[in-house]
Each structure stands twice: as structure tokens, then as C-alpha cells.
Amino acid sequence: MCNAHRDASDHVPQGCLCYYQKLMQTGIIGLPQTGKTSLFRILTRARVEARSTPNQPHVGIARVPDERLVKLVEIFHPKKNTYATIEYVDVGGLQKDREKNAASLVPLRESDALAHVVRLFENPAVPHEAGPIDAMRDIESVEIELMLHDLEQTTKRIERVEKDLKKRKDPLLEAELQLLQRCRQSLETEKPLRELDLKPAEQKMLTGFLFLSRKPMLYVLNLGDEEAPEAARAVEKHHLEKLAEKPHTAVVPFCGKIEAELSELSDAEAAEMMNAYGLKESGRDRLIQATYRLLGLISFLTCGEPECRAWTIERGMTAPQAAGAIHSDIEKNFIKAEVVNWEDLLRAGGFAAARERGQVRLEGKEYVVKDGDVILFRHSG
Ligand SMILES: Nc1nc2c(ncn2[C@@H]2O[C@H](COP(=O)(O)OP(=O)(O)O)[C@@H](O)[C@H]2O)c(=O)[nH]1
Ligand SMILES: [Mg+2]
């Protein structure tokens, strides 16, 4: 998103280039009264109005906190300072009624990852629908909803493919059928699709299906205030170690109530309050960064007087692909990239000094960009 349209409430006109730049999106899911809307508000700093209809999702944008940018700004003094962004969607709680769930799951299909808010806080004023606090029970019941959604899609497609195969032989369809049968078997044994070990060609075959249990999953453990000082040990304390061991998952302990209060305060007041609770860093920052990593994203930086900026790319992208994040013309006309590690640049105090120290490398088309590279692209045209 460009600077002018970074605010969640802004309407992005089609004429703006940023309209075409796809934002990675994470869907917030979970049972009712677990703190999903509170989390959404904390992450996006958006004011959330009551929904006019229960299934209307809230969509908002969060800045990805980046200490590197904060430091580099001190030597470049740019007019503008632009952070990377990701998008969160709050779709509303899963219901007991399966048919209603099907509708609330639909907006999640376009998401790139899911964040499941798991309730660990006690609050007699807000009873948990399912009874006493039990994280594993909640996690399993939400996972089952995702898998049922996928099972329905899989079964429908299998029937269709089998019908087509009766009419004509097609090796591609045969391969798809085999893969879908593997998916069905996995789902029937209550194994989410993200746990299937798939080859790149198989992954590609499945992208069109928008399966929910295949999306990377961030478990957000919503702790009570009293657990704040020992949040880092929450996983062991609640016996949830096995969650983080699974492929394409991550776990972030979080204190929703405290973070909500922090997000209302000035930086100085927030630091004081964090001290009082014995918190070392903001849970909000940790959570957004964990989402970013889980999505397989990294940032490279561009620095100059007009603007210091973090750009989002996928891990493993080459220098010309990274240039494409800025503008397709730079990708097309790419010649070389001047690359310097952000810390080297900071220590040197600027590009000229870093060049003198031999820390600025000239990289070609094959160069794989690293997180925290500061890049100057050389291009023709
Ligand atoms: N004690 C406590 N209460 C919370 C916390 N998070 C949310 N709540 C309360 O739980 C209720 C439901 O929160 P909400 O974010 O609307 O949950 P949602 O139904 O999952 O969207 C509200 O009354 C919140 O004040 C938390 O971390 N601790
Ligand atoms: Mg809600």
C-alpha cells in the first residue's frame, strides 16, 4: 500500500499503483468471546464499529514494526518513513451451527494465513461458551471446522474428476485425483492439510482450492493479566509444546487485555506500564512479526533523503524480483543491485562511507535478497 492509502479506513482508488500491490492477509479465527475483535483492534489500531450483520468481516492494515528503519532514519533524516504492512481480517466467531459457520469461513478462503485466538484468560463476566478453559479442546474443535470445509471441497472435486475420467483419459486429471484422494484420507483421519508433505508441483495443483486447513497457522494464546510476567513460558505451562512442533505453525503468547490498554497510551506511558507488568517487549510487535515470518515474508530496505522504506518480498526472491516490488519497470530493466547490510550501513553512517569500507556489493540477476539488505537498483530506461 502506498503512503497515502495506508490507513485502514481509506478507500484505495483503482488509479493508484498500490491498488495492484497485493497485501498479504491473515484471517483471525476462533470461538466466540476469545478476544478476536480485541486482537484485531490492537493490531490494526482501527476503531471497530458493531457489525450491522454478524458475518460481515472487519478488514484492517497493520504496520510491521521494524527497528532497522527506526535506526536508519536517524542517519538519513528522510521526508517520509514507510513501513511494510500486512492485512488482518476479523470474520466473527465460529458458531455451534455448522451451516452458519460455512458462511463465516468463506472470507477466510482468500487469506494467506490464519491466526487462531485461543482463550486462556479466566473472566467470569464473560463465560466461555464451551465451559471451563481448555485450550486443546478449542484448538481441536476449530481445526475440525476447517477440515470439514476442506473435506466438502475435496469430495465435490473428486466426484467431478471421476466423472470426467470416465469420459476421457487424461494423465493430469489422474494425478489430481490421486492427490485429492491423499487429501481426503488425511482429512478423514483428522490431519490438517498443512501437515501433508507435498512436492512443489503438487502444491501448485492445490492452490486453486483455497483449502483452509492448508494455510499456515499462528496460535495466539490469549493469557490473563496475572500471567503477563511469565508469558514467555506459557507454552510449557499450558502443555502446548506439540503445537509449535507441527509444520507451518507458530505459537505466540499474548495478553489481550494489557495490550489493549497499551495501545491507548503514549509511548512513554506504555513503557512505564510494561515495566509495571514486567513485560520486556510489546506483544503486539511480536505477534505481527511472527505473522510476517509465518507467511514466509522478509523485508529489504531502500534509503534516501526523500524516503526510507521497508518493502515486502517472499523469502528466496532474487534481486530483479525484489525490484518488481517497487515497480515492474525496474524489474524489466534491471542491470545490477548495490547491496549493503543495514547494520553496516548504519555503522558507516551513509552509502559513501560504506562504499569506502568496501561493504557495498554489486550483485547480479541471480542474487537472492536477504532480510535487512539495503538496496540501490541500477536499471536502464
Ligand atoms: N480478562 C480478559 N478479558 C478479555 C480479554 N480479551 C477479551 N476479553 C473480553 O472478552 C469479551 C469478548 O472479547 P472480544 O474481543 O469481543 O471477543 P470475540 O468474540 O472473540 O471477538 C470482551 O468483553 C472483552 O473485554 C483478555 O485478554 N482478558
Ligand atoms: Mg468479535
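The sequence shown lines up with residues 0 to 380 when you count with numbering that gives the first Met the number 0. From the three backbone atoms N, C-alpha and C, an ideal C-beta is built for every residue, glycine too.
Residue i (DSSP reduced to helix, strand or coil)
i, result
"Phe210", "coil"
"Met23", "coil"
"Leu375", "strand"
"Ser8", "Caution applies to Ser8, whose pLDDT of 42 falls short of 50 and renders its modelled position unreliable; the value that the coordinates give is listed next. In this structure, Ser8 counts as coil in the three-state DSSP scheme."
"Leu171", "helix"
"Thr188", "coil"
"Arg40", "helix"
"Val359", "coil"
"Ala336", "strand"
"Ile297", "strand"
"Leu16", "For Leu16, the pLDDT reaches just 48, beneath the cut-off of 50, and the residue's location in the model is therefore unreliable, leaving the point undetermined."
"Glu306", "strand"
"Lys203", "helix"
"Lys279", "coil"
"Phe120", "coil"
"Leu264", "coil"
"Pro106", "helix"
"Gly349", "coil"
"Glu128", "coil"
"Gly380", "coil"
"Lys241", "helix"
"Leu286", "helix"
"Leu71", "helix"
"Leu195", "coil"
Nearest-angstrom Cβ-Cβ length linking residue i and residue j, presumed shorter than 8 Å
i, j, result
"Arg193", "Pro246", "6 Å"
"Leu205", "Ala112", "With 8 Å as the limit, Leu205 and Ala112 do not qualify as a contact, their Cβ atoms being about 16 Å apart."
"Val116", "Gly34", "5 Å"
"Leu42", "Tyr87", "5 Å"
"Leu222", "Ala230", "6 Å"
"Gly348", "Ile74", "6 Å"
"Arg136", "Leu211", "In fact, because the Cβ distance is near 19 Å, the residues do not count as touching under 8 Å."
"Ala289", "Trp310", "Not quite, the Cβ-Cβ distance comes to about 20 Å (not below 8 Å), so this is no contact."
"Val367", "Val339", "Actually they do not touch by this definition, with Cβ atoms about 16 Å apart."
"Ile28", "Val90", "7 Å"
"Glu362", "Ala321", "In fact, because the Cβ distance is near 10 Å, the residues do not count as touching under 8 Å."
"Val234", "Ala227", "With 8 Å as the limit, Val234 and Ala227 do not qualify as a contact, their Cβ atoms being about 15 Å apart."
"Val373", "Leu264", "With a Cβ gap of about 32 Å, Val373 and Leu264 do not count as contacting."
"Ile287", "Pro64", "6 Å"
"Leu71", "Trp341", "6 Å"
DSSP bridge partner residues for residue i (one or two, in chain order)
i, result
"Glu66", "For Glu66, which the question treats as bridged, DSSP gives no partner whatsoever."
"Thr84", "Arg62"
"Pro403", "Outside the shown range of the chain, which is 0 to 380, sits residue 403, and nothing can be said about it."
"Asp96", "DSSP, once it has assigned bridges, lists no residue as partnering Asp96."
"Asp89", "Ile27, His57"
"His115", "Ile28, Tyr218"
"Thr311", "Ser298"
"Val367", "Thr317"
"Lys431", "Outside the displayed span of the chain (0 to 380) sits residue 431, for which this structure offers no information."
Alpha-carbon to alpha-carbon, residue j and residue i
i, j, result
"Ala270", "Lys279", "9 Å"
"Ala200", "Leu375", "34 Å"
"Arg213", "Leu293", "13 Å"
"Gly380", "Lys78", "26 Å"
"Asp196", "Asp163", "27 Å"
"Asp224", "Val251", "15 Å"
"Leu261", "Gln177", "51 Å"
"Ile132", "His148", "26 Å"
"Ala351", "Asp343", "12 Å"
"Tyr82", "Arg40", "19 Å"
"Leu30", "Glu330", "44 Å"
"Ala129", "Gln94", "11 Å"
"Lys166", "Val160", "10 Å"
"Glu158", "Leu209", "18 Å"
"Thr248", "Glu355", "43 Å"
"Arg44", "Asp284", "12 Å"
"Glu175", "Asp169", "10 Å"
"Ile257", "Pro319", "43 Å"
"Asn381", "Leu68", "Past the boundaries of the shown model lies residue 381; the chain is included only from 0 to 380, so the question cannot be answered."
"Asn100", "Thr36", "17 Å"
"Cys302", "Asp370", "15 Å"
"Ala102", "Gln32", "19 Å"
"Glu66", "Asn122", "35 Å"
"Gly315", "Leu296", "9 Å"
"Ile138", "Leu239", "11 Å"
"Arg308", "Gly26", "26 Å"
"Met273", "Ser281", "8 Å"
"His378", "Glu365", "15 Å"
"Lys190", "Gln24", "24 Å"
"Leu345", "Ile312", "22 Å"
C-beta neighbour in chain C for residue i, strict 9 Å
i, result
"Arg360", "No chain C is present in this structure, which holds just one protein chain."
Distance cut-off 8 Å: residue i Cβ against heavy atoms of ligand 4
i, result
"Leu222", "The model depicted lacks ligand 4 and carries ligand 1 and ligand 2 instead."
Using a strict less-than 5 Å threshold between each residue's beta carbon and the heavy atoms of ligand 2, what residues do you get?
Lys35, Thr36
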